[in-house]
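Written below as structure tokens is the structure these notes are about.
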Amino acid sequence: MKIEFWGQEFQVNMVVGCIGGFLIAIMSSMFGFGGGPFMVPLMTVALRLPMYLVVGSSLLAIFFNTTVSTMRHYQFGNFDLYFFLAMFPAAILGGYIAPQIAKRVSPLVVKRIACVGLILLALNLLGVY
């Protein structure tokens, strides 16, 4: 399948994407973790999409989950309106600016930054950092 984004065209193998996404969804639901850290490598390595496109796709994928989770937290009284009002515009602005920065930076640099972020996240979850 051919995808066009900002004047560039990409060839994507939909069979690999669907099978990989299905397997990641099964594993994440069985073991109780989010599939995002696995979808990004699937899209960059297996589907050979550039990082600036993958980041936006990842954000779109988690948007619906975040919306439903926010509504449920609001129903349970675990919602801070001021924090939401501060973070929502920043997230929208970052979602617009970040892909444009990533498009101008070397893909290798973007991947290295993503790797460092994932390692810091893993260390934080393990209580090391």
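In the working numbering, the protein residues as written are 17 to 145.
Ideal Cβ placement from N, Cα and C applies to all residues, glycine included.
Can you check DSSP and say which residues form a bridge with residue i?
i: K18; result: Q27
Taking residue i and residue j to be in contact with their CB atoms under 8 Å, please state how far apart those CB atoms are, rounded to whole angstroms.
i: G115; j: G72; result: Strictly speaking, residue 115 in this sequence is Pro, with Gly absent from that position. The Cβ separation is near 5 Å, so the contact holds.
i: G37; j: M55; result: 7 Å
i: H89; j: F95; result: 5 Å
i: I35; j: F26; result: Going by Cβ atoms, the distance from I35 to F26 rounds to 19 Å, so no, they are not a contact pair.
Could you check if residue i is buried or exposed, using at least 16 other CB atoms within 10 Å of its CB as the buried criterion?
i: M30; result: exposed
i: L65; result: buried
i: L63; result: buried
i: M103; result: exposed
i: L58; result: buried
Nearest CA to the CA of residue i: which residue from the options?
i: I113; options: Y68, I135 and L101; result: Y68
i: A107; options: G93, L39, S44 and L76; result: L76
i: V28; options: M46, F47, T83 and V61; result: V61
i: A138; options: P53, F99 and T82; result: P53
CB-CB under 7 Å to residue i, same chain, minus the five flanking residues each way: which ones, in chain order?
i: P123; result: P66 and M67
i: G51; result: I40, A41 and S44
i: A118; result: M67, Y68, V71 and V126
Given residue i, which residues of its chain have a CB within under 6 Å of its CB, disregarding the five upstream and five downstream residues?
i: G111; result: L75
i: V32; result: A62
Might you give, ordered along the chain, the residues of its own chain that have their beta carbon closer than 8 Å to the beta carbon of residue i, omitting 5 neighbours on each side?
i: L136; result: Y145
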